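Residue numbers (our numbering), protein chains in the order written: chain A, 11 to 252; chain B, 3 to 160; chain C, 40 to 174.
Virtual Cβ for every residue (Gly too), placed ideally from N, Cα, C.
Computed from a prediction, not measured in an experiment: that's the story for all the values here.
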């Protein structure tokens with residue numbers, strides 16, 4: 011008798027269900043199997059209607075974010091052995107509306123990313139005298155914040171996101187800081203001014219869970235606090251403006 | 003340069019995404035998903051992980067600290083009663099309360115000074131100053147200042 | 040950016056907070072950061088000496104008699120120092136409680152903020168009154 015483990019998946023069919031409900035499945039257990047493997051097995055052998063996002067299955071595309079036993083994780087990086095003997099409860103990412111089963115509505119996230127203008131802004135539009143040059147040290151300044159894979163685990167971990175629609179969120183601020191610190195970017199104070207508008211960053215109270223759950227070590231909490239600090243330096247010191 | 007779009011053979015050209023399809027596909031808004039299940043944050047969210055609980059504890063350390071200074075103001079107000087009426091707090095209850103407030107103050111100091119190293123980015127030439135150095139300096143400063151303040155309090159009256 | 044109809048199928052409006060900078064929130068945060076640093080550095084020493092060691096009689100040179108205390112408080116530098124420290128501790132509490140209370144489910148940011156900062160201001164006013172009129 012092969013070893014199995016119970017994986018309970020949150021199911022929601024918008025056309026039939028009033029609200030989401032958990033559905034348990036007995037899934038073959040393997041020491042090297044992850045939650046995503048379990049979901050794929052369920053879809054292939056038991057219930058083809060299970061709906062979830064996934065792609066690379068190796069922790070780089072950011073598609074398979076989900077709540078595993080209450081914690082936001084990438085489905086492809088959550089090993090069954092870490093939850094054995096189970097049961098494992100798989101739910102959609104918290105803090106987002108649910109479209110179907112484990113698929114959440116990420117429109118708000120995409121909007122927030124776009125709002126911080128995550129691209130190099132420079133005076134000239136043509137390449138001009140050639141490629142932009144950067145030393146390793148210049149790249150190191152923003153390298154950490156460039157590692158974001160847009161998996162939304164940080165939005166799922168942040169307790170402010172669901173209660174404050176104006177809060178732009180950890181990944182967006184880390185992304186804005188990535189461009190702020192990029193020596194090629196010339197939007198400096200303009201981007202900062204946009205960012206510190208309304209309650210876009212000020213709703214953050216440094217819970218720090220965003221950085222705790224980030225699978226790529228981006229440390230968005232650090233990015234947010236640094237943004238707060240550097241945007242207010244200009245208020246206090248006349249020479250501190252960026 | 004002739005524009006192939008205006009060659010006359012093409013009668014209808016869509017250059018913009020059609021209304022309702024934000025990603026460019028021709029899907030009218032009414033045909034998209036029917037209903038989403040909204041998310042409601044439970045009131046007990048802060049019990050769901052150690053990180054959340056530590057956060058609430060960290061934030062609430064500000065309350066005992068403030069309350070201790072309220073007690074100090076009470077002691078201060080007694081000055082108004084002159085040398086006959088004034089008496090400082092001596093009861094063990096006050097000492098116990100102070101111990102609790104001291105624990106809160108120390109936890110605030112520990113957590114906040116750690117964060118100082120995270121927040122401050124001090125450029126030194128090409129690189130930034132190592133955050134551990136900043137945190138070390140912050141704790142060193144804390145110890146030094148504590149000694150100075152305690153010393154002033156204890157021996158200033160002498 | 041091409042114009043197209045707003046997609047409201049999921050109930051999401053476009054993300055568009057007011058354009059910044061938000062000086063009020065920035066100011067509130069800077070005040071909090073500085074108050075937190077000040078309290079972090081000096082509060083433990085005060086509470087340890089005045090709240091634990093002195094009542095237990097462990098530091099006899101810390102004179103708790105009326106005359107000494109009154110003389111200390113009479114010094115304007117001491118008044119200012121204590122006012123700053125007390126204001127910092129009240130503001131720190133007000134700011135942090137405002138965020139925690141809101142995150143724990145009490146809606147109405149404006150109301151919560153007004154109450155929390157209002158109480159802090161009230162406390163500072165009382166402290167200022169006491170420090171300026173006593174001994």
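#1: In the DSSP assignment, what are the bridge partners of residue 89 of chain A?
#2: Just the Cα atoms here: how many angstroms apart are residue 126 of chain A and residue 182 of chain A?
#3: Could you please give the first and the last residue of the uninterrupted alpha helix (DSSP H) stretch that includes residue 116 of chain C?
#4: Hey, out of A:242, A:238, A:102, A:27, whose CA is closest to residue 180 of chain A's CA?
#5: Starting from residue 204 of chain A, trace the beta strand (DSSP E) both ways and give me its first and last residue.
#6: May I ask which residues mark the beginning and end of the beta strand (DSSP E) holding residue 134 of chain B?
#7: So which of C:53, C:69, C:162 has the shortest CA-CA distance to residue 70 of chain B?
#8: From what residue to what residue does the alpha helix (DSSP H) around residue 18 of chain A run?
#9: Excluding the five sequence neighbours on either side, which residues of its own chain have a C-beta within less than 7 Å of the C-beta of residue 141 of chain B, listed in chain order?
#10: With distances taken Cα to Cα, identify the nearest neighbour of residue 154 of chain A among A:210, A:203, A:230.
#11: Can you check whether the CB of residue 227 of chain A is closer than 7 Å to the CB of residue 2 of chain A?
#12: What does DSSP give as the partner residues of residue 83 of chain A in its beta bridges?
#13: Under 7 Å Cβ to Cβ from residue 66 of chain B, same chain only, skipping five residues before and after it: list those, please.
#14: Give me whichever residues DSSP pairs with residue 52 of chain A in a beta bridge.
#15: Is the stretch 50-68 of chain A touching the stretch 112-131 of chain A, taking contact as three or more C-beta pairs under 8 Å?
#16: Tell me whether the stretch 119-130 of chain B and the stretch 90-100 of chain C touch, counting them as touching only if at least three CB pairs, one residue from each stretch, are closer than 8 Å.
#17: What are the boundary residues of the beta strand (DSSP E) that includes residue 2 of chain A?
#18: With burial defined as no fewer than 16 other Cβ atoms inside 10 Å of the residue's Cβ, what is the status of residue 68 of chain A: buried or exposed?
#19: Give a yes or no on contact between the stretch 135-153 of chain C and the stretch 80-96 of chain C, applying the rule of three or more CB pairs nearer than 8 Å.
#20: For residue 144 of chain B, which residues of its own chain have a beta-carbon under 8 Å away from its beta-carbon, when the five flanking residues on both sides are left out?
#21: Do you know how far the Cα of residue 92 of chain B is from the Cα of residue 126 of chain C?
#22: Along the stretch 201-224 of chain A, where does the CB come closer than 9 Å to a CB of chain B? Name the residues.
#23: Look at the alpha carbon of residue 150 of chain B and the alpha carbon of residue 145 of chain C, and state the distance between them as a whole number of angstroms.
#24: Looking at C-alpha atoms only, which residue of A:195, A:81, A:140 is the closest neighbour of residue 129 of chain A?
#25: Do the CB positions of residue 205 of chain A and residue 186 of chain A come within less than 7 Å of each other?
#26: With a threshold of 16 other CB atoms inside 10 Å of the CB of residue 39 of chain B, please say whether the residue is buried or exposed.
#27: Quick one: is residue 122 of chain C near chain B, going by C-beta distance under 7 Å?
#28: To the nearest angstrom, how far is it from the Cα of residue 121 of chain C to the Cα of residue 170 of chain A?
#29: Distance cutoff 7 Å, beta carbons only. Does residue 119 of chain B sit that close to anything in chain C?
#30: Given a cut-off of 7 Å on the beta-carbon distance, is the pair residue 116 of chain C and residue 78 of chain C in contact?
#31: Counting only beta-carbon atoms, is residue 129 of chain A nearer than 7 Å to chain C?
#32: According to DSSP, simplified to helix, strand and coil, what is residue 23 of chain B?
#33: Report yes if the CB atom of residue 85 of chain A is closer than 7 Å to the CB atom of residue 45 of chain A, and no otherwise.
#34: List the residues of chain C that residue 90 of chain B touches, going by C-beta distances under 8 Å, in chain order.
#35: Applying the 10 Å Cβ sphere with the 16-neighbour rule, what's the burial state of residue 72 of chain A?
#36: With 7 Å as the threshold, decide whether the Cβ of residue 2 of chain B is near any Cβ in chain A.
According to the structure shown:
#1: A:44
#2: 7 Å
#3: 115-142
#4: A:238
#5: No beta strand (DSSP E) holds residue 204 of chain A; the alpha helix (DSSP H) holding it covers 198-205.
#6: Premise fails: residue 134 of chain B lies in the alpha helix (DSSP H), 133-158, not in any beta strand (DSSP E).
#7: Minimum Cα-Cα distance from residue 70 of chain B among the listed residues C:53, C:69, C:162 corresponds to C:162.
#8: Taken as a continuous stretch (DSSP letters only), residue 18 of chain A belongs to no alpha helix (DSSP H), being part of the beta strand (DSSP E) at 14-21.
#9: 115
#10: A:230
#11: This structure leaves residue 2 of chain A out entirely; chain A is present only between 11 and 252.
#12: Answer by DSSP bridge pairing, in chain order: A:76.
#13: 102, 103, 106
#14: Beta-bridge pairing links residue 52 of chain A to no other residue.
#15: yes
#16: no
#17: This structure cannot settle anything about residue 2 of chain A, because the visible part of chain A is limited to 11 through 252.
#18: exposed
#19: no
#20: 111, 115
#21: 25 Å
#22: So the list reads 215, 216, 217, 218, 219, 222, 223, given in the order they occur along the chain.
#23: 42 Å
#24: A:195
#25: yes
#26: buried
#27: no
#28: 35 Å
#29: no
#30: no
#31: For residue 129 of chain A, the answer is no, since every Cβ of chain C falls outside 7 Å of its Cβ.
#32: In this predicted model, residue 23 of chain B has a pLDDT of only 48, less than 50, meaning its place in the structure is not dependable enough to derive any value.
#33: The answer is yes: Cβ separation under 7 Å.
#34: Ordered by position in chain C, the residues that pass the 8 Å Cβ test against residue 90 of chain B are 93, 94, 103, 108.
#35: buried
#36: This structure does not reach residue 2 of chain B, given that chain B is present from 3 up to 160, and the question cannot be answered.
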